[in-house]
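For reference, the structure discussed in these notes is given below.
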């Protein structure tokens, strides 16, 4: 009897404790990795097809062939989640599902270990338990964003519309943000000083009743962001894309992040300047309510109660 | 009895076949990895101190603390090389030594495997056998460089003076270069169209008797490049740094790459245009001779004969 | 009896063999030339007024006064085409009509020939027979586009919304593209890495049913592109302008070029990556059909048969 | 007896009145032309080898093969000048010699004239009589430079280190400058706002006794500028290259242009602001004296008297 | 009895002749000042709320707290205008109302005067009589705009959506424009060469029946511009925002400025090139008529007659 | 008997309490102000001529004519300092001397006060007592610099080589820096991510024994920085200019600021990362010692004791 989650790695389901990467995998040597993150609602993967479609766009751009159709990878994903969900600590917990593909083992370095060079991509899918405790307080009080001096990598270097893992700039940017406030996250500017995104979420703001977003040019076109656009259309809330600067954001009526794991999170401050009239704002509430309805559970309550559960446990 | 090379990983020497990274190591999740490559001459590490000094500059910039002094890491390195050199297939082979440091395991994902989050950096050192067969022909005929449309990441995103592994742009750039010529390598331009470096080497050219290099602003300040500067000074060959464009390179008297594994390699063409009067050029020869003298072996012959040995064997 | 086509040059119709430019014409000395290309369908000029309006916008921007009203230049154009069409090798051939205006003779150099400096612009109109044989195969298989390292000249140097002949960057860019594939054409990026246009055509792509184009900011606002916009409106196909990058294009459902001589041409690959599900795509077909209906002949068949005719002849 | 100067065109010496370019020459169609200008002192070409070396660097960059060695082209040049100098209106006049090479006839358009496409470059050399009258007054009073809003084309589009004829930006920039002052010339800024050059000359200034120039990155490396560097070295005047802005120039001690036809010209004002303490400045004088000595005639007097001669004649 | 206008300064109404700023006020020391300008129609402030809302957006961005609510500042403003309007030279004159807020007295310098450092912002409101005579002629003949080489400060330095007084670039740009024409004003380009605004007004143009404006990204979102947008909507004239270049403007059907003091002014020329078919254009007329109707007086006539009145007086 | 310091304002010496600027002075309305700061050592102005020369360079660039020669302004300055030094609270205190010139009163606004428009520049000189207490602690512990997201204004907007007062970007940048640490100052990056300067000082660092500075292109060429260069030359310490990035600074051996009021200040940290091996560094010490010797007093002790004196007093 094995209580350990499984990992899908290069064609096989493996116990997590035995799923490793070689130290000369291209994912480590080059950071030449594309990735996706999907989550479950009630233990079912949400919008997996959209996530996989985005993954395959990244594979096409990076010229990596994985030998699996989207349908095959979807089947693997559902199987993996089904198995690992059975191990969740609590029935109201949920899983995050990670896919990543690297360019495979780096032959020169691999050679020293005596093995033959494998030149096909490394394909991995693994899950993690939603860490409610990381988000619960920020869902109530809003997150503090900071624009660091580190800038987002421009599309002519590698394109942010692909979800990739050469994320040194995110790593450095978040370090700068935490100098201002240990709980802050970086909101990166592009090379022209336009707002882009955080290391883990899209940025959205409300201006005179319209939800406004940086254009898709230099951000990840988030599936959660797409959900916001669809929910807004349904709720009759206008949506627009436009290059935005810090000036716009600090004068917004409200601002929030959208991302797969926690769906939406209100933004309380940018560079220490409070945004709008306190969090959460009315548009945020309407969107989160509509989203909750869509997925059949109260997203905010799930986070709140999940976090409480763990706090108690510890 | 163990014929397998060892790997230094997080404080321990481990047989290579047992040295892996967790799939949620930050090196894989973020590409937040700094690295070095040193090589041996006659099985002794060459300029290890310079390589480690550069590694520690990268650690300072990325705020990673590894809990090892440069002296301690040097001792580990010498020990590792000593052990693995004993396993070399031929006494005239040499080792490459890789150091890399990642930001450690990514706690959120790690949690799903039930383990506690380790927040200290992952520190690894491993070796590989110099792949002479990859270089021998290009040492004779010169390499073909191509300027791709993909541009180098600018220092305000993350600084190329640090040796890092968020190298998606290199990966994409080399793909573009190989469209022109399967044996070509990308010579990346910066955002202003200046020449920078290839994915694995510094670019140097000769103009009216002077060795000219792109400035250190947006390239890795290579240890081999530093060796070129020192040898040139000794040989009385002037050296200068200046922003260079394709026009300069195609009109150079000669051009070559410098890098740790093969030291120097002549450049035959840029974007299909032959450079100078055939390879290798006279300055290249003088530098390689001086370097060979410095390290007590004929660098070109070592590559040539090493490659021949392997061809024969296969 | 003169079987030779005529050329309109500075107010007179001249046999082609006697129509030259002085070696010190500003068109040669400075490349300070604005131009247009119109074509016939069934020997009648198509959308000549639109072409001339664009020419006069370029004249206004460059401050050149040609002493001819658009109506007068139109009359000249129709007359020239009428005369030269009579000489076409086959009744189903068509003419291309070139207009160009240079800043006139460059007085300093002209002086050496003893003539007085003419400071009025040089105005020329001439025709050529549509070279069907150049396009037929690409109409079937699609063209291969390549993004070179050479970038498009930005509007603050001289504006691409003017059709001009200072085209050194096109010349160099196409050379780079042909390194990848001798039949490829360059798709130039702007200084920020956005897609612009080829040296002879606008680039258009289809994304989720919408035709998407780079914005008019830094491309020639093509008359053929305008035709696409009109035809799309009539066919109920949405059209949008947006900054596009290589990532968008390689993930498009289909892509094609629009230009005066061959109207539309499918794009098969970008940087070696196949676009969509094979050429021609469904939107391309619908547009070409509608265009053919508009001009009263089958555009694709005309090219196909015209090319076949010439192949047979040779 | 033929008093007409000759032109070298595609292998033949032709009377100037019969030397034309086809209207579909690539020089006209694309502006894809590289060029040189050399002048005589006492009817002998000065530094022809340097000019031809620069021409061949441009040919290499543009991948044009002209089938003539530099030595052959030099012989043609000397012959042409010898013949045309005999026709000079006055023995103290001098010749300018132009070389230009275009990509040859543009086959598609050429086809319409019935001729076969010639794909070899067009090679031309022609002369003109030095127009002293254009420079005499400015040599005394200094020229007025103006920084227009039109910017210089950056090297990543096409490289200014090549002397080319896709000069639409020069044409537009000089128009803007003449709005300020009909006798002014444009001093173009690069995209970052640094001073570059005028449409016909290099810009040099004096700061605390040192001659300072924009760096060679985005200017033509003028032969006259090289002469200034050599003369300055001989005279013990320091020379330096540095990115310069308008602020530097208006605060310079003196400023001047260097170019082949008139060698040196003092700059009186930039954007209406007087530079230094009146023209010509002391360094200018020393340089012009040294240059005059070098070439064995008084350069300033030659211009002055030549202009006077023509004024009298007219 | 006091015929002198009042000034509101730091909480008090003061006679104008006694309202000064300390020489070490941050407004003078740093130019760290935000400002607004409102005007009266028939002695009533027009759209004051919009102006104050914009002022408070600037205060939030600059982190200045003035201790007055918008309502309180509005009350002060109405009071000030009521008092100063009573002193107007003629009943048909109008007032301009300036608000400005500086960062307060600069403590280090203030110390030398012996006073304690005041760290609260300086808040001032003052009025001026509309200078009709400055505008009357340009309303008839149109203004001449010139694009100078000086560029607009980009939002990543400080944001033009805030009305501020660090306007050195405006000062320098207008100097350059006046070199071309003493009555011209600068139309600044942004760093990419896009049209932005003049030092005192928004730029708008008409293209095929649509009013087109530079996007709000790097211009002040003018209240008068907003009025134009509203009037255009009412009149059924389309309005669009798009990056525009000089090429667009010289080929516009008409162009005009919008700004608080004179509402609208036709643009006659850009860089000497006439725009459209003479001023004022038809859209300009319709907008000015609608605006006049909105405010209950003939705006053009008020300027014309006001100017005439003063000319007569002088 | 008047214990109040004097101010020189527009030709007159005025008691400080009566020296104001009109609220419509261009210094306030436009920030169109150029300025200088000089200090005394032992009550004598130090390098006044250098400061005035820099002021006059700024006046030339901004086309402001003040009607005073540098000699006359120097005489005024010495007189002012002589008078105000007599009022210093303690004989070991020193004065800072400010000069500023604005474009004069802004005529439109001035009109409302009934006065005639004065179009000549406003010229002011005033003094302040050196605030030792602001610097003493940082001289011991070093200052913390932070690179904010706000970038330095580039020279093509207005040139940083001029000392000006359109300093909104400094104001905003320092606000961002103080979010990280209330005692931190901003070290602004230019638009390419290069280090420039703080709002009040030049940045210098030591790398392998050489003092390295950002190039003069986009910083104020500080008189104190010039002093460092001269002292370094005398001490045999090499000095170089080079574009520097954050990576260079955090890996420097030491770093310090140079500026008129406190001469030199060690930099302890950049973005929280300690620089070198603790402050003050050895080069800093040598420079400060040499400077102290030059001016005949112990600069560090003067600050330390001055601060102590004031602390005691309060």
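Protein chains in written order, with our numbering: chain A, 1 to 314; chain B, 1001 to 1314; chain C, 2001 to 2314; chain D, 3001 to 3314; chain E, 4001 to 4314; chain F, 5001 to 5314.
Just so it is clear, CB atoms sit at the ideal spot from N, CA and C, and this is done for glycine as well.
Next item on the list: Just grab the DSSP bridge partners of residue 256 (chain A) for me.
Entry: Bridge partners of residue 256 (chain A): A:204, A:266.
Discussion item. Just to check my reading of the structure: residue 77 (chain A) and residue 97 (chain A) have Cβ atoms closer than 8 Å, yes? What is that Cβ distance to the nearest angstrom?
Written reply: Approximately 6 Å separates the beta-carbon atoms of residue 77 (chain A) and residue 97 (chain A); this is inside 8 Å, confirming the contact.
| C-alpha distance - residue 3316 (chain D) paired with residue 3142 (chain D), whole-angstrom precision | A question about residue 3316 (chain D) goes unanswered here, because the residues of chain D that appear run from 3001 up to 3314.
> Cα separation between residue 5251 (chain F) and residue 244 (chain A)?
Replying inline: Annotation: residue 5251 (chain F) to residue 244 (chain A) spans about 34 Å, alpha carbon to alpha carbon.
- Are the Cβ atoms of residue 5202 (chain F) and residue 5257 (chain F) separated by less than 8 Å? With a cutoff of 8 Å on beta-carbon distance, residue 5202 (chain F) and residue 5257 (chain F) are scored as near each other.
* For residue 5156 (chain F), does the count of other Cβ atoms within 10 angstroms reach 16, so buried, or fall short, so exposed? -> Taking every protein chain shown into account, the CB of residue 5156 (chain F) has 16 or more other CB atoms within 10 angstroms, so this residue is buried.
| task | Give the straight-line distance between the Cα atoms of residue 1211 (chain B) and residue 1239 (chain B), rounded to the nearest whole angstrom. | result | Approximately 5 Å between the Cα atoms of the pair.
Query raised in the report: Between residue 949 (chain B) and the rest of its own chain, which residues show a CB-CB distance below 8 Å, the 5 nearest in sequence each way excluded?
Result: Missing from the structure shown is residue 949 (chain B); chain B here goes from 1001 to 1314 and no further.
(message) Taking 8 Å as the limit between beta carbons, can you name the residues of its chain near residue 3012 (chain D), skipping five residues before and five after?
(response) For residue 3012 (chain D), where only same-chain residues beyond five positions count, there are no Cβ hits under 8 Å.
In whole angstroms, give me the CA-to-CA distance for residue 3150 (chain D) and residue 3064 (chain D).
Residue 3150 (chain D) and residue 3064 (chain D): Cα-Cα distance of roughly 29 Å.
#### Entry: Endpoints, the beta strand (DSSP E) within which residue 3090 (chain D) is located
Counting along the chain, residue 3090 (chain D) falls outside any beta strand (DSSP E), and DSSP gives it neither H nor E.
Would you mind listing the beta strand (DSSP E) stretches within the stretch 3140 to 3203 of chain D that are 3+ residues and don't spill past its ends, in chain order? You should have 3143 to 3146.
Practice problem: Answer yes or no: do residue 3181 (chain D) and residue 3144 (chain D) have a C-beta to C-beta separation smaller than 8 Å? | Solution: Yes, these two residues count as a Cβ contact at 8 Å.
> Residues of chain B with CB under 7 Å from residue 2149 (chain C), in chain order?
Replying inline: Residues of chain B whose Cβ lies closer than 7 Å to the Cβ of residue 2149 (chain C) are, in chain order, 1147, 1148, 1149, 1189.
Answer yes or no: do residue 4132 (chain E) and residue 4306 (chain E) have a C-beta to C-beta separation smaller than 8 Å? With contacts defined by Cβ atoms closer than 8 Å, residue 4132 (chain E) and residue 4306 (chain E) form a contacting pair.
Check: So, do the stretch 227 to 239 of chain A and the stretch 91 to 109 of chain A have three or more beta carbon pairs nearer to each other than 8 Å?
Finding: The stretch 227 to 239 of chain A is not in contact with the stretch 91 to 109 of chain A.
Using the Cα positions of residue 5267 (chain F) and residue 148 (chain A), report the straight-line distance between them to the nearest angstrom.
Answer to the nearest angstrom: the Cα atoms are 20 Å apart.
> What residues are listed by DSSP as bridge partners for residue 96 (chain A)?
Replying inline: Among the bridge pairs identified by DSSP, residue 96 (chain A) is matched with A:39, A:128.
Give the DSSP-derived three-state secondary structure of residue 4243 (chain E) in the structure shown. In this structure, residue 4243 (chain E) counts as coil in the three-state DSSP scheme.
Expressed to the nearest angstrom, what Euclidean distance is found between the alpha-carbon atoms of residue 3104 (chain D) and residue 2056 (chain C)?
-> Taking the Cα positions, residue 3104 (chain D) is about 28 Å away from residue 2056 (chain C).
Problem - Whole-angstrom distance between residue 5184 (chain F) and residue 4006 (chain E), CA atom to CA atom - result: One C-alpha to the other measures close to 41 Å.
* Asked: How about residue 4197 (chain E): is its C-beta nearer than 8 Å to some C-beta of chain D?
  -> Not a single CB atom of chain D sits nearer than 8 Å to the CB of residue 4197 (chain E).
**Request:** Would you list the one or two residues that DSSP bridges to residue 3013 (chain D)?
**Result:** Answer is D:3008.
Q. Which residues of chain E have a Cβ atom closer than 7 Å to the Cβ of residue 2162 (chain C), listed in chain order?
A. The CB of residue 2162 (chain C) comes closer than 7 Å to the CB of 4247 in chain E, given here in chain order.
*Opposite residue 5105 (chain F) in the DSSP bridges: which residues?*
Residue 5105 (chain F) is bridged to F:5025.
Expressed to the nearest angstrom, what Euclidean distance is found between the alpha-carbon atoms of residue 4074 (chain E) and residue 4124 (chain E)? Spanning the two alpha carbons is a distance of roughly 13 Å.
| message | Does the beta-carbon of residue 1303 (chain B), which I'm using as the reference point, lie nearer than 7 Å to any heavy atom of the ligand MG? | response | The ligand MG is absent from the structure shown, which contains no ligands of any kind.
Practice problem: Consider the Cβ of residue 1968 (chain C): report whether some Cβ of chain A lies at a distance smaller than 8 Å. | Solution: With chain C covering 2001 to 2314 only, the question about residue 1968 (chain C) has no answer from this structure.
Q.
I'd like to know whether the C-beta of residue 3225 (chain D) is nearer than 8 Å to at least one C-beta of chain B.
A. So no, residue 3225 (chain D) is outside the interface.
Point to revise | Cross-chain neighbours of residue 4022 (chain E) in chain F, by beta carbon under 7 Å | key: Under the 7 Å cutoff, chain F gives 5020.
- Classification of residue 5049 (chain F) by the beta-carbon crowding that lies within 10 angstroms, buried from 16 upward: With fewer than 16 Cβ atoms within 10 Å of its Cβ, residue 5049 (chain F) is classed as exposed.
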